[in-house]
Amino acid sequence: MSGGPPTDAWVWPPDLPAPGALQAGTAGGISTRYPQSDQHLARRLISSLRESRRRLGGMRASDLANVLGAVGERFAAGLDNRVVTEVAANAGLTPAMARVVIRGMADTWTTDSLHRLLRSEFPDPAALDRFVDGAGREVRAAAPGVTLHIGAGSVPGVTVTSIIRALLVKSPVLAKPGAGDVALTARFARELHRADDRLRGAVAVQYWPGGDPGWEAWEREVLTRADQVVVYGGDDTIESIRARTPAATRLIEHPNRLGVAIVDPGGAADADHQAARAAALFDQKGCVSTHLVLFLGNHGDAARWCGRLAASLEGLAHTLPPAAASEGELSTRHQLRGRLAVQRAVSGDIRCWAGNAGAWTVALAPPELFEPVGGRTAWVVPVSDLAGCQQVLAPLARVLQTVGVAGLGARRHAFAEALAAMGATRIVPLDQIPFPDSDWLHDGSRPLGELVRWAELR
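Following our numbering, the numbering of the sequence shown begins with 5 at its first residue and continues without gaps.
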C-alpha cells in the first residue's frame, strides 16, 4: 500500500454540490476516498450529465478531436515521476512498466490519432454533426445521451480510452474505473475539466467497490438511468452487469481475451525478443497480452528457441522489471511448475525455464496442458505446420483476440483468413502486439461505431 494522502477517486460536473460525506477505502495498491452511496445523488449525477449533451453536441466532431487530442498530448508531456509512481502503485506495476504502459496508451490519445480514428470510421466525420449525403439518402450518426463506463482494473489507461471514444461521438460519460485504473482516470478527467467548460459538464468519474452490497442500490440506479453501458472485465462482472441492465439499454461488452503468437523462426530472427516483450508488457494483464506461442518446427528446435526466449525474458526482468507477485499469484505459478514436473516424469518432451523469484516462466509443453496463469508465463507449443496451429487454437476460438505473427511471409494472408473464421479479430506483426492503433477493431467492432446509432433521412 502506498503512503501519503488518499487519492480522490471522483470527479463530478461543477453544477453538482460537493458531497456531504466521503468514504475511505482502497483501490488496487492505493488509499482512496469517494462520495458515499446515495441513490438521490446518483439520479442527480446522471441528470446533470444528460443536460450537458446539448452543449457537447454543439461542438463539431473535428473540434472535439482537437480538444481531446490536446489534452492527451499535454498529459503525456507532463508525465512526471509523481504521477508515474501513483499510477504504478494503483495498478500493481513497477514505475518503469507504468511509464511504458501510459506512454503506449497515450499514443492513441493524440490529435492525429483521434482524427485518424474519425476518418477510419466515418467517410465524412460531419455525420456526427448533422445529416450528410449517403448515396441516395442522408445519414446521421448520434450517440445515446449518457454512456456509463465500467472499467477493468488490470491495465491503466483503458478507462481513459473508453471515455475519449464516447466524448468523440458526443456522449457525456460517467466512468467507474477498475480498482487498478483509478489514479490515471481521475487525473485525466480533471485535465478534461480544465480544458473546456463544455467538457466539464460532460465528464464524471466515480469509483465504488464493485460487488459491495452497500453499493447495490447505486449501481442499480446508474444502470437503469444510463442510455448505454460499456463494460470491461471478467465473466462474472459482465454477467452481473448484463443481468441488471434494462433490455432497452445498449450494452457493449469487452470480456477477457487471450493473446497468441505464431512464430516461424526461419523468417523471424528477432522473434524471441518480440515474443518476450509481448508477454512481459502489462505483466500479462492486458487483453492483448501473449500467453501462448505456437512454434513452427520440431521439438528440438523449439527447445533451443525457448532458451533464447528465456534469455530475452530475463533481460526484460532487469530493464522492465515486474511487480512483486502476491502470495496467490506465486502459488498459482508454483502449482503450474509442479504439475509440469509431474507430467515431465511421464513425458520427457516437457521442459520449463524460470526466472528468479518467479519473475517469468517459459513452458515447453503440449497444448492440452495449456493454462494462462499470467506473471510473464510463455507457453510454447511446437507445431509442424499452419494447419496444426488451427487445430491447437480451435478450442480457444471463443476467447481469441490478438494473434501476432512472425516469419510467415507470403503465407500470412491465407492463414489470416483461417484465423478470422476462427474468431481472431486482430492479426498483426509480432512486434505490434502490445499497443493497438487508435482505429483498431476492438474485439471485432469499430470502437466508435459500437457507440452510435445511425438515422436516415430519405
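By construction, the Cβ of each residue, glycine as well, lies at the ideal position given by its N, Cα and C atoms.
Please read these numbers as outputs of a predicted model, since none were measured by experiment.
- Buried is the label assigned to R103, since at least 16 other Cβ atoms lie within 10 Å of its Cβ.
- For A272 and G304, the gap between their C-alpha atoms comes out near 18 Å.
- Under the DSSP definition of a beta bridge, C356 partners with A367.
- Under the three-pair Cβ rule at 8 Å, the stretch 325-343 counts as touching the stretch 85-100.
- If you look at R254, you'll find it in the beta strand (DSSP E) that goes R254 to P259.
- Classified as buried, D276 has 16 or more neighbouring CB atoms from the shown chains inside 10 Å of its CB.
- Along the length of the stretch 388-438, whole alpha helix (DSSP H) runs at least 4 residues long occupy 390-397 and 416-426, reported in chain order.
- Taking C-beta atoms as the reference points, W364 and L423 fail to come closer than 8 Å.
- Taking G108 as the centre and dropping the five residues before and after it, the same chain places the C-beta of F439 closer than 6 Å to its C-beta, in chain order.
- Bounds of the alpha helix (DSSP H) holding V226 are E220 to R229.
- In the displayed model, A208 falls within a strand according to three-state DSSP.
- Counting the other Cβ atoms within 10 Å of the Cβ of V350 gives fewer than 16, which makes it exposed.
- Per DSSP, the beta bridge partners of P386 are F299.
- In the displayed model, Q232 falls within a strand according to three-state DSSP.
- Residue pairing by DSSP places E142 opposite D137 and L461 in a beta bridge.
- Counting only runs of 3 or more residues that sit fully inside the stretch 269-323, the beta strand (DSSP E) segments are 294-300, in chain order.
- In the structure shown, S244 adopts helical secondary structure according to DSSP, grouped into three states.
- Of I437, D42 and V88, the smallest CA-CA separation from V264 is found for I437.
- Shown here, Q27 sits in a strand according to DSSP, grouped into three states.
- Bridge partners of S449 according to DSSP: H446.
- Pairing G161 with I106 gives a Cβ-Cβ distance under 8 Å.
- L262 and V403 have their C-alpha atoms some 6 Å from each other.
- In the displayed model, A327 falls within coil according to three-state DSSP, outside both helix and strand.
- CA-to-CA, the gap between A187 and G427 works out to about 34 Å.
- With contacts defined by Cβ atoms closer than 8 Å, F419 and L296 do not form a contacting pair.
- Secondary structure at R37: strand, using DSSP grouped into helix, strand and coil.
- Across the set L172, G359 and F192, the C-alpha of L172 shows the shortest separation from the C-alpha of E125.
- For K180, DSSP records a beta bridge to I154.
- The alpha carbon of P386 has as its nearest neighbour, out of G215, A306, G362 and E460, the alpha carbon of A306.
- At the C-beta level, G155 and P181 come within 8 Å of one another.
- The Cβ-Cβ distance between I242 and E257 falls below 8 Å.
- Here T11 is bridged, per DSSP, to T36.
- An exposed status is given to D441, since fewer than 16 other beta-carbon atoms sit within 10 Å of its beta-carbon.
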